[in-house]
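Mind the numbering: the sequence shown is residues 2 to 76 in our numbering, read in order.
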Amino acid sequence: MPVLKIANVGTLDRIVRLVAGTLLVALPYIFPTLVFENPVMRWGIPLIGIILIGTAVLRVCPLYRLFGISTCKVD
């Protein structure tokens, strides 16, 4: 079994990541001129949102794995 297949993102963590990721992806469409005149902000913030959504869906965070963190409950 590959190392990244081991879930290390718990339920509450997944919910927070999904909500935050969705907001970050939607932010340029909600407030197009607020901070998004800078191309780095316009593309960087939604990219971070996509990463958060991806880690929530897959239940795996590579940074958590690197630092030995897990928010999954142990039975």
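Each residue gets a CB set at the ideal place from its N, CA and C atoms; glycine is no exception.
(request) Please check the pair residue 25 and residue 53, which I expect to be a contact at CB under 8 Å, by giving their CB distance rounded to whole angstroms. (result) The pair is a contact, with the Cβ atoms about 7 Å apart (cut-off 8 Å).
(message) If you measure between the beta carbons of residue 9 and residue 61, is that distance less than 8 Å?
(response) Against a cut-off of 8 Å, the Cβ pair of residue 61 and residue 9 comes out as a contact.
(request) Just mark residue 56 as buried or exposed, buried being the case when its beta carbon has 16 or more other beta carbons within 10 Å. (result) That one is buried.
(request) Given a cut-off of 8 Å, decide if residue 43 and residue 29 are closer than it, judged by their beta-carbon atoms. (result) It is a contact, given that the beta carbons lie within the stated cut-off.
(request) Can you tell me which of the three DSSP states residue 19 falls into? (result) DSSP places residue 19 in helix when its eight states are reduced to three.
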